[in-house]
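First the structure, in the form of structure tokens, and then the observations on it.
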């Protein structure tokens with residue numbers, strides 16, 4: 035996602051071109067400008083175009099289009115905000131589980147602390163990879179047998195939770211802690227699995243195709259009609275006026291299309307890689323396990339565009 039200061043207008047405008055969506059939008063607006071110029075040449079210079087459409091008709095279409103765009107934008111942003119909300123829950127559950135394990139494990143059990151710190155940190159890394167269809171096993175910290183088990187699993191995230199539960203049960207069997215503490219630990223397991231399920235639902239349930247197709251066709255028809263309505267009253271000024279209107283309508287649709295899946299690689303998607311690294315730093319810190327400086331730096335890099 036693009037990291038910026040909301041009050042700094044000039045710096046935000048300076049980075050206007052950094053978004054792939056904006057670059058594509060400018061190209062489409064330029065095509066609208068060429069179309070409007072062609073209409074102006076034919077109508078004003080050659081007087082061979084005599085199509086008269088009342089402004090009232092355009093106003094009615096505009097009202098309907100504005101309602102559709104509002105609904106489209108709100109629906110897309112709800113998905114984006116929900117995605118950020120569940121990743122916030124994941125941060126809390128991973129930290130809470132690390133706190134529980136820190137309180138239960140003896141201070142001298144260094145190997146067990148490293149084991150659980152690595153295993154808990156693997157969950158957000160696996161979730162990020164699952165949502166982006168590229169699980170990076172080389173980024174995970176685990177023994178070779180666990181890595182092989184994860185590679186052969188249908189759901190890597192569920193398998194990590196299963197390994198965590200098995201490991202905690204082994205600690206209970208050797209009476210490292212009282213079984214009553216399993217109640218507190220269980221809620222973090224369930225919370226992490228809920229986050230996984232919510233993220234999968236957001237990713238696998240896009241806006242229905244028929245609705246997306248309809249609004250794109252509606253915008254296209256509206257933009258094509260607009261020069262025909264404005265040419266008589268605006269003359270050559272119709273071209274920039276049409277381009278400004280196209281910029282607003284196309285921009286809202288394209289932004290909504292970009293953020294409806296907030297887990298991708300677009301410039302406005304959520305920085306889930308950075309969030310995964312932040313969770314890893316927090317978990318290792320809570321369990322008192324040293325983390326190499328280069329891995330810590332991944333969570334604090336001052337990105338201008340974060341992937």
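Numbering (this note's numbering), first residue to last: 35 to 341. Backbone N, C-alpha and C fix where the C-beta goes; we use that ideal spot for every residue, glycine too.
For residue 300, the three-state DSSP class (helix, strand or coil): Secondary structure of residue 300 (DSSP, three-state): coil.
State whether the segment 266-282 contacts the segment 143-156, with contact taken as three or more CB pairs (one from each stretch) at a distance under 8 Å. no
Quick check on DSSP: helix, strand or coil for residue 183? helix
Could you pull the start and end residues of the alpha helix (DSSP H) that residue 261 belongs to? 243-268
For residue 80, does the three-state DSSP call read helix, strand or coil? coil
What distance in whole Å lies between the Cβ atoms of residue 263 and residue 92, which are believed to be in contact at a cut-off of 8 Å? 5 Å
I'd like the list of long-range same chain contacts for residue 223, defined as Cβ closer than 6 Å, with 5 residues on each side in sequence excluded. 195
Between the CA atoms of residue 229 and residue 238 - distance to the nearest angstrom: 14 Å
Taking the beta carbon of residue 307 as the centre, do at least 16 other beta carbons fall within 10 Å, making it buried, or is it exposed? buried
Secondary structure at residue 129, three-state DSSP: helix, strand or coil? helix
If distances are taken between C-alpha atoms only, which option among 280, 265, 134 and 319 comes closest to residue 89? With distances taken between Cα atoms, residue 89 lies closest to 265.
Can you look up residue 336 in the DSSP assignment and give me helix, strand or coil? Because the pLDDT at residue 336 is just 47, under 50, the model does not fix this residue reliably, and the value given afterwards should be weighed accordingly. Residue 336: coil per DSSP, three-state reduction.
By the 10 Å Cβ neighbour count, where 16 or more other Cβ atoms means buried, how is residue 121 classified, buried or exposed? buried
Could you check whether residue 241 and residue 284 sit closer than 8 Å to each other, using their CB atoms as the reference points? No, the pair does not count as a contact, with Cβ atoms beyond the cut-off.
Taking its Cβ as the centre, do 16 or more other Cβ atoms sit within 10 Å of residue 131, making it buried, or is it exposed? Buried, by the Cβ-count rule.
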